[in-house]
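Under the working numbering, the letters of the sequence shown match residues 1 to 230, in that order.
We put the beta carbon where it would ideally sit given N, CA and C, even for glycine.
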Amino acid sequence: MSVRSSPQISICKILRFQSSFIRFNNSTEFSKSVIRCQKSQMNSESFQECRKQAIEKLHKWLIHSQLPLKFAAADTKDPSCNYDYTSYDPSTWLPLVHYKQTTYSQLDEMAINACKAQKQWIDLPLLERAKILRKVGDLVRAETNWLAELETLDTGKPLWEARADIEACADSFELFAGFIPSFVGTHSPVPPNPGSFYYTRREPFGLCAGIGAWNFPFQKIHSNNDNNHS
Numbered sequence: 001m002s003v004r005s006s007p008q009i010s011i012c013k014i015l016r017f018q019s020s021f022i023r024f025n026n027s028t029e030f031s032k033s034v035i036r037c038q039k040s041q042m043n044s045e046s047f048q049e050c051r052k053q054a055i056e057k058l059h060k061w062l063i064h065s066q067l068p069l070k071f072a073a074a075d076t077k078d079p080s081c082n083y084d085y086t087s088y089d090p091s092t093w094l095p096l097v098h099y100k101q102t103t104y105s106q107l108d109e110m111a112i113n114a115c116k117a118q119k120q121w122i123d124l125p126l127l128e129r130a131k132i133l134r135k136v137g138d139l140v141r142a143e144t145n146w147l148a149e150l151e152t153l154d155t156g157k158p159l160w161e162a163r164a165d166i167e168a169c170a171d172s173f174e175l176f177a178g179f180i181p182s183f184v185g186t187h188s189p190v191p192p193n194p195g196s197f198y199y200t201r202r203e204p205f206g207l208c209a210g211i212g213a214w215n216f217p218f219q220k221i222h223s224n225n226d227n228n229h230s
């Protein structure tokens, strides 16, 4: 399938995984702000104040993240803003960040780089692949609270559900890291058929484009790659 014929992918979603591992130094205070927001939803004034504090901390994080994301001011109709899209907090419909649409040339470059990386992955020894997958799982799990807080702002889901999403992602990497050492020669019995020759091969799908809902984005990250991990 031609890359150019594929649906365009939001740069915000592509950057989501990359930005996730940039630790926010004040994540504990940010977490408390999000929790206070959820506990005071019945009090609109308290809720708005708590959410305001959480968004301010997101703004500080974006300043130091060096990502192509622009913090959204209260007025999204600013004519000087040349960004294509705005991400909103679904619980309040307040703007969070502005971001640009991925261009065709950027999409082509991403696909080319992904294909190159997949070829390098194939050349790695099996145990080395297992170590890398396990390390990724460890990194995701170590940042569970911070990643869940980001998802709560972006998707509006409860913190407990966002944490479950992150933990499922870490579980998947650890699961496939454990599968890799078991990839040895196996015997698969088949019905007798004189003159026929049977064999099996394990082959990764290669570069895949996943299209689906983003209410569980971290599950989407690993589920699209389950057949390529090993």
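Beyond the five residues adjoining it in sequence on each side, S172 comes within less than 6 Å, by CB distance, of H222 in the same chain, given in chain order. Rounded to the nearest angstrom, the gap between the Cα atoms of P125 and F183 is 12 Å. Taking a 10 Å sphere around the C-beta of W93, we find fewer than 16 other C-beta atoms and assign the residue as exposed. DSSP places D108 inside the alpha helix (DSSP H), whose first and last residues are Y104 to I122.
Under the DSSP definition of a beta bridge, T86 partners with H98. Measuring C-alpha to C-alpha distances from G178 to each of R129, W160 and F205 identifies R129 as the nearest.
Per DSSP, F176 is one residue of the alpha helix (DSSP H) stretching across L159 to F179.
Taking 8 Å as the cut-off, the Cβ atoms of V190 and C169 do not count as close. In the DSSP assignment, L126 falls within the unbroken alpha helix (DSSP H) covering L126 to A142.
Per the Cβ contact rule, the region 145 to 152 is not in contact with the region 196 to 214 (fewer than 3 Cβ pairs under 8 Å). F216 carries a coil assignment under DSSP once its states are collapsed to helix, strand and coil.
Under DSSP, F71 forms a beta bridge with V97.
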